[in-house]
Every structure is written in C-alpha cells, then in structure tokens.
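First comes the structure, then the notes that go with it.
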Amino acid sequence: MQASGVSPTQRSLADLEDAELPEALVVRLSDDEETRQGQLQRLERLLDEGVRSVALSDTPTDVALAALRAGVVDVLRPEADVAEYRQALLRAVDRATRLPSTTVDAPVPEAQRRVIVVLAPKGGVGKTTVATNLALGLAMRAPERTVLVDLDAQFGDVLTSLNMFPEYRLHDMTTAALAGDALGVKTFLARHESGLAVIGASDHPAQADSVSGVAASRLVTLLAESFQYVVVDTAAGINDLTLAAADAATDLVLVTTLDVIGIRALRREMEVLDQLSLLHLPRHVVVNRHDPRHGITAADFVANIGAGIDVQVPVSKVALLASNQGIPLLSAAPRDPAAVALTKLVERFATTARTGRQRRRDKKENQ
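So that you can map any letter, position 65 of the sequence shown is 68 in the working numbering, and since no number is skipped, the others follow by simple counting.
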C-alpha cells in the first residue's frame with residue numbers, strides 16, 4: 004500500500020500534483036472554510052489521477068458531505084485510533100486500484116433488489132444473530148452490495164455483534180434520508196472488514212427517540228436503490244419502525260424458538276402481520292437454537308402455526324462464544340452445524356420479489 008500524509012495547506016496539495024502520486028493519502032482539512040474548499044477542489048482533481056484520500060477534521064459531520072462530493076473516502080477525527088486509520092486507508096487503496104468503471108455507483112435495478120426484514124415476536128430468540136449472519140453471508144456473495152440496518156433504535160446489538168464502534172449511527176442516517184440526501188447516507192455508512200455496510204442503532208436515548216417510522220421508511224428505500232441486499236434487524240415485537248421496514252420489504256424472516264412461549268408469540272405476530280396485509284410477502288421461518296431433546300417437534304409447530312419451518316438452526320456453544328467475541332458465526336466457524344444452517348438461509352435469497360406496497364397495489368387491482 005502506497006500512502007502519503009499531507010499537511011492542511013493548499014500549497015502541499017499543489018506540490019503533490021507535480022510529484023509521483025500515491026494511491027492514497029491523508030489530508031488534514033483546514034478549519035477555515037475558504038481554505039478547506041480549495042483543498043477539496045484539489046483533492047477532486049487528484050481523484051481524476053486515481054488518488055483516493057482520507058480527510059481529518061475536528062468537525063467531521065459538518066464537512067462530510069462536501070468531502071464525499073470531492074471523492075474523499077472517509078472523514079475521521081485526528082484522534083481516531085490506529086484501527087480506524089488502517090480501515091479507512093485500506094478502503095481508499097482498494098478503491099484506487101479498481102478499474103474506473105467500477106468506482107461509480109449505479110442504481111440497482113429494481114428487479115434485483117432484496118429488502119429482507121428480520122422479525123421476532125419476543126426478545127431472546129437470537130434474532131440479531133440471525134440477521135447479522137444473514138447479512139454477512141450475503142456480503143460474501145455480493146461484496147459492497149449488502150447493507151445491514153439496525154432498526155432496534157434504542158437497544159440494538161448489531162454493532163456489538165460485529166465488534167464495531169462507528170461514529171455515525173441510525174439517527175445520522177435518517178436525518179440525511181429525510182432530506183433526500185442519498186449521498187449523505189453513504190457518507191455515514193460504516194464498513195465491516197468483510198465489506199458489509201452497517202448502520203448501527205443510536206447510542207443515546209434522545210437520538211433513538213428522534214427516529215420516526217417515516218424516516219426509517221425513507222432510509223430503507225434509499226438504501227435499496229444503492230444496494231442489492233438490504234437486511235433490516237428490528238426490535239422484538241412490532242412498532243412503527245418495524246412496520247415501516249416491513250412495508251418496503253421483499254421478504255420477511257420470522258425468528259422464534261421451538262418452545263411453547265416462542266410458538267404462541269410467533270402465532271400472534273403472524274396474525275397481526277396478516278391483519279396489516281404483510282403476511283403474504285415471501286416469508287422464511289427460522290427456528291433458532293433448536294434442541295430435539297426438548298420434545299416439541301416440527302409437526303407440533305405446523306399444527307399451531309399453520310406454516311412450516313424453513314430453517315432449523317441447532318443450538319451451538321460455538322455460536323455463543325463467537326457472539327461474545329463480536330465475530331459472526333459464519334466467519335468464526337463456517338463448518339459448525341449452526342453456521343451450515345444459517346448458510347442455507349442465505350442461499351434462499353437468490354430470486355427477486357416485489358415490495359409490500361407493490362403486492363398490495365396488485366391485489367387491489369385484481370379485486
């Protein structure tokens with residue numbers, strides 16, 4: 004990796020244009036707006052020469068949009084840790100070494116978009132584990148084209164499951180989405196080492212409360228235009244954010260456990276979804292932490308729910324250990340029986356489906 008550190012003056016950038024160009028560089032942006040604009044203009048010209056840059060700023064939120072428009076890969080605070088610098092520079096070098104035709108994001112054709120909303124009627128069934136591994140598995144098959152969104156605004160654990168600590172969270176994304184700023188949304192995306200784009204839940208209650216169903220709906224819609232796979236983790240039960248995501252969904256993943264409480268809760272949730280005209284969406288029923296010694300069988304499940312089990316994920320000590328370390332099971336132990344089952348879930352998403360709005364509209368037209 005060839006990289007260069009650059010001081011915040013325009014003169015330094017001007018000198019660089021006449022020198023041997025690196026693949027990536029780090030630039031300290033000026034606090035003076037006029038000087039900063041000059042820096043960004045020069046960075047944009049260097050972009051045409053194949054140089055990708057990472058910017059440093061004491062106020063990254065304020066300068067992020069302008070920096071992204073100039074082709075800056077990421078904006079960090081100067082006091083960011085070594086891991087953040089490394090991740091940003093590796094991403095910059097990766098983009099610098101790609102063919103020019105692949106550096107421009109093209110809208111994903113509507114027929115190829117999958118918005119997969121992961122639901123559970125109650126907590127403690129491993130919904131986030133399923134969502135995280137599903138997203139990671141899809142990212143392995145579609146690098147840079149998969150995003151995971153944590154819509155459990157107050158208590159979401161997606162970031163913990165991935166051992167990530169990004170500066171920007173869900174409320175930053177929804178603010179940009181409400182403004183129709185797709186570029187702003189992309190600015191705030193965090194990247195897992197696998198290439199999976201991630202939007203984590205807010206880390207302050209007040210910020211979480213500011214996320215509305217309308218904002219969540221707009222965010223999911225914008226993401227679907229840029230990513231082939233949008234995986235949405237939700238809060239237990241059904242709330243406004245969950246309904247907003249489900250309304251834009253192409254698929255529902257219903258997660259429960261094979262016990263009396265889990266089965267009854269899922270049945271009630273499915274009744275609510277049916278009343279909201281959402282149950283006709285393609286659904287994938289996942290029984291997590293399955294232990295055949297507990298006595299409840301798949302036949303018992305079907306008799307109570309009226310639907311079959313699509314994927315049974317066996318109980319796994321390895322899965323618990325991996326989760327505690329912030330490593331998705333598909334990465335930590337891909338041959339573990341639970342990982343094999345989760346891979347089967349990933350493989351179910353090879354075809355396209357229409358959104359909830361489209362299906363309800365078609366249903367009305369055919370009545």
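Backbone N, C-alpha and C fix where the C-beta goes; we use that ideal spot for every residue, glycine too.
Range of the contiguous beta strand (DSSP E) that encloses residue i
i	result
I192	Rather than Ile, the amino acid found at residue 192 in this sequence is Leu. No beta strand (DSSP E) contains L192, which DSSP labels as neither H nor E.
T149	149 to 153
Cα-Cα separation between residue i and residue j, rounded to whole angstroms
i	j	result
V96	G187	22 Å
V57	A83	12 Å
Y232	P81	33 Å
G129	V30	42 Å
V258	T131	10 Å
E274	D339	34 Å
R148	R172	19 Å
A67	D51	20 Å
D77	L226	19 Å
L279	Y88	46 Å
R371	N136	There is simply no residue 371 to check, as the chain begins at 4 and stops at 370 in what is shown.
L373	I299	Missing from the structure shown is residue 373; the chain here goes from 4 to 370 and no further.
L284	D277	10 Å
S197	I330	11 Å
L28	V75	10 Å
A86	G309	49 Å
R45	L261	60 Å
A219	L151	13 Å
V111	H297	45 Å
R116	T237	19 Å
V314	H174	33 Å
A301	T245	27 Å
F168	H293	31 Å
D250	I202	19 Å
A69	M176	16 Å
V235	A252	9 Å
A209	A156	10 Å
S319	A145	27 Å
I266	A322	22 Å
A306	I312	11 Å
Span of the alpha helix (DSSP H), counted from its first residue to its last, around residue i
i	result
R221	216 to 229
L24	From DSSP, L24 is part of no alpha helix (DSSP H); its letter is neither H nor E.
R292	Element bounds for R292: not the alpha helix (DSSP H) but the beta strand (DSSP E), 286 to 293.
V321	320 to 327
G140	130 to 144
A211	208 to 212
K347	340 to 350
A335	332 to 335
Coil, strand or helix - residue i by DSSP
i	result
I308	helix
N166	coil
R80	coil
L102	Bear in mind that a pLDDT of 38 at L102, under 50, signals an unreliable position, so the number given afterwards is only what the model happens to contain. Residue state, collapsed to three classes: coil.
V201	strand
S60	coil
V54	coil
V29	strand
L173	helix
H297	helix
D1	Any property of residue 1 remains undetermined from this structure, which presents the chain solely from 4 to 370.
A278	Looking at the sequence provided, one finds Gln at residue 278 rather than Ala. Helix.
T354	With a pLDDT of 48 at T354, under the threshold of 50, the modelled position of that residue is not reliable, and the figure given next carries that caveat. Coil.
V111	coil
D184	coil
D243	helix
Q157	coil
D34	coil
G265	helix
G41	helix
Opposing strand residues paired with residue i [DSSP bridges]
i	result
D254	I119
V235	V120, V152
T259	V290
I315	First, the amino acid is wrong: residue 315 is Gln here, not Ile. Looking at the DSSP assignment, Q315 forms a beta bridge with V290.
V75	S56
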